[in-house]
Amino acid sequence: MTSHEKHTSPQERADISETPPTINPIDLPSKLLRAAYFVGKVPLKSLRSDPRISYAIYVPEQYCTIHDILQNPENDIPPRLPLVVNIHSTRRDAITCRDSLIDFADKHGVAILAPLFPAGLDSLFDLDSYKVLRTDFLQADLRLLDMLNEVGHIWPGINTDPIILVGFSGGGQFVNRFMYLNPERVSAVAIAAPGQVTKLNVSEAWPKGIKDVDEVFPGEEVNVDAIKQIEDVLLLVGEEDEMSNGQVELLQWLAKRKAKLKGETVEEKLGRMSRVQDVKSLQKDWRKHGVEARLEIVPGVGHSYQDLLPWLIAWLEDCSAIVDRE
1 MTSHEKHTSP
11 QERADISETP
21 PTINPIDLPS
31 KLLRAAYFVG
41 KVPLKSLRSD
51 PRISYAIYVP
61 EQYCTIHDIL
71 QNPENDIPPR
81 LPLVVNIHST
91 RRDAITCRDS
101 LIDFADKHGV
111 AILAPLFPAG
121 LDSLFDLDSY
131 KVLRTDFLQA
141 DLRLLDMLNE
151 VGHIWPGINT
161 DPIILVGFSG
171 GGQFVNRFMY
181 LNPERVSAVA
191 IAAPGQVTKL
201 NVSEAWPKGI
211 KDVDEVFPGE
221 EVNVDAIKQI
231 EDVLLLVGEE
241 DEMSNGQVEL
251 LQWLAKRKAK
261 LKGETVEEKL
271 GRMSRVQDVK
281 SLQKDWRKHG
291 VEARLEIVPG
301 VGHSYQDLLP
311 WLIAWLEDCS
321 AIVDRE
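Right under this line is the structure:
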């Protein structure tokens with residue numbers, strides 16, 4: 001890397017490395033889509049606007065028919081494939097987020113996108129930067145919007161506006177907050193087992209509430225009326241889902257260390273946190289603002305994506321964005 005590149009942003013570096021115009025993806029014959037890894041399980045792709053971030057995508061065979069039609073400009077534009085965006089948990093299990101929905105994708109003709117926001121961007125201990133959307137070193141919400149633009153260019157037969165947005169654990173936190181800032185970009189959301197939630201509370205600061213949204217996100221606002229227009233909203237959690245003692249102790253330790261570095265104080269105990277209580281309180285808060293959400297508490301299940309997956313898929317199959325298309 002040159003001395004100039006060391007002092008440029010990821011966006012500027014992407015511009016610097018821009019190659020001359022290449023073949024337009026729409027010109028690729030349909031019979032070559034799979035050979036070019038444009039259909040099926042697409043290898044992890046780096047995001048052009050920020051190569052630190054990548055994404056996994058699955059494109060079902062139904063895309064080939066749409067691709068054929070789009071190649072002839074005289075044809076009417078066909079219905080595009082719906083896009084489900086599945087946001088990973090703290091473990092960064094983006095491949096699982098994609099592959100776990102492949103059977104659903106094949107059955108209903110749906111594309112699956114799974115972003116990968118790496119850990120360690122803000123510090124060695126950084127696990128959470130993507131969950132709160134904006135930090136000094138990451139603008140996760142804007143990068144997802146970039147990703148949708150990129151996917152829409154490479155696969156014009158995929159509908160990237162609006163999307164169906166789902167996420168488990170840390171991914172659920174991302175979904176909760178992204179829908180506040182971009183309600184017009186989502187037709188349905190599923191928030192599964194979030195460790196923390198953001199309420200429509202104007203008396204608490206971000207990320208607990210929305211008091212200072214205009215400061216954290218300059219030029220942005222939370223449009224509650226637009227949030228009410230989201231057709232399908234799911235809150236999903238296992239009945240036995242609670243944070244372990246180790247997780248609570250780690251949060252306490254990190255909070256104290258960060259406060260000490262800033263010369264601040266922090267409460268001695270954060271308390272044991274129940275994700276069930278969190279999602280219940282979020283549903284209650286939303287109802288006060290006229291936002292309706294379906295709450296599913298799954299008996300006998302702890303903090304497990306795989307155990308919640310059947311309920312998530314059943315909800316997806318009932319989503320208006322899927323049902324109305326069929």
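Anchor point for the sequence shown: position 117 equals 117 in full-length UniProt numbering, and the numbering is continuous, going up by one each time. Cβ atoms here follow ideal geometry from the backbone N, Cα and C, with glycine treated the same way.
Count the other CB atoms, across all protein chains shown, that sit within 10 Å of the CB of Arg275; report buried if there are 16 or more and exposed otherwise.
buried
Can you tell me which of Trp206, Pro207, Leu312 puts its alpha carbon nearest to the alpha carbon of Val237?
Leu312
With a floor of 3 residues, list each beta strand (DSSP E) that falls wholly inside the stretch 76–100, ordered by position along the chain.
83–87
Using only the alpha-carbon positions, how far apart do Lys31 and Cys64 sit?
8 Å
For Pro162, name the three-state secondary structure that DSSP assigns.
coil
Would the stretch 144–153 count as touching the stretch 195–208 if we require 3 or more Cβ pairs under 8 Å?
no
Give the straight-line distance between the Cα atoms of Val222 and Leu234, rounded to the nearest whole angstrom.
19 Å
For Pro156 versus Leu83, is the C-beta spacing smaller than 9 Å?
no
Can you tell which of Ala321, Ser320, Leu316, Asp324 has the C-alpha that lies nearest to the C-alpha of Phe104?
Leu316
So, at 6 Å on beta carbons, what are the nonlocal neighbours of Pro299 in its own chain, with the 5 sequence-adjacent residues on each side left out?
Glu239
So Cys97 and Ala188 are supposed to be a Cβ contact under 8 Å. How far apart are they, rounded?
Incorrect: roughly 16 Å between the Cβ atoms, too far for contact.
How far does the beta strand (DSSP E) with Tyr58 in it extend, from its first residue to its last?
50–59
In the DSSP assignment, find the unbroken alpha helix (DSSP H) run with Ser129 in it and report its ends.
Unbroken run through Ser129: none, as it is neither H nor E.
Taking C-alpha atoms, which residue in Leu261, Val166, Val175 lies nearest to residue 380?
With the chain covering 1 to 326 only, the question about residue 380 has no answer from this structure.
Give the straight-line distance between the Cα atoms of His108 and Leu33, rounded to the nearest whole angstrom.
20 Å
Which of the three DSSP states is assigned to Ile313 in this structure?
helix
Who are the Cβ neighbours of Asp136 in its own chain at under 7 Å, not counting the five residues just before and after it?
Asp122
What separation, rounded to the nearest whole angstrom, lies between the Cα atoms of Val224 and Ala94?
30 Å
Start and end residues, beta strand (DSSP E) containing Glu296
294–298
So, helix, strand or coil for Pro43, using DSSP?
strand
Count the other CB atoms within 10 Å of the CB of Ala140; is the residue buried (16 or more) or exposed (fewer)?
buried
Thinking Val132 and Arg80 are a contact (beta carbons under 8 Å), I'd like their distance in whole angstroms, please.
Contact doesn't hold; Cβ gap of about 32 Å is too wide.
Smallest Cα separation from Ile210: which of Lys45, Leu181, Leu47, Ala321?
Leu181
Helix, strand or coil for Leu236 per DSSP?
strand
Please determine, among Val301, Gly171, Ile230, the residue with the shortest C-alpha to C-alpha distance to His88.
Gly171
For the ligand ATP, I want to know if Asp212 counts as a neighbour, meaning its beta carbon is within less than 8 Å of at least one of the ligand's heavy atoms.
Absence of the ligand ATP from the depicted structure is noted, as is the absence of any ligand whatsoever, leaving it without description.
Looking only at its chain, what residues have a beta carbon closer than 7 Å to the beta carbon of Lys45, apart from the 5 residues adjacent to it on each side?
Ser54, Tyr55
Rank Leu101, Leu47, Glu242 by C-alpha distance to the C-alpha of Pro118 and give the top, closest one.
Leu47
Can you tell me the Cα-Cα spacing of Leu282 and Ala190, whole angstroms?
13 Å
Given that a residue counts as buried once 16 or more other Cβ atoms are within 10 Å of its Cβ, and exposed if not, what is Ile23?
exposed
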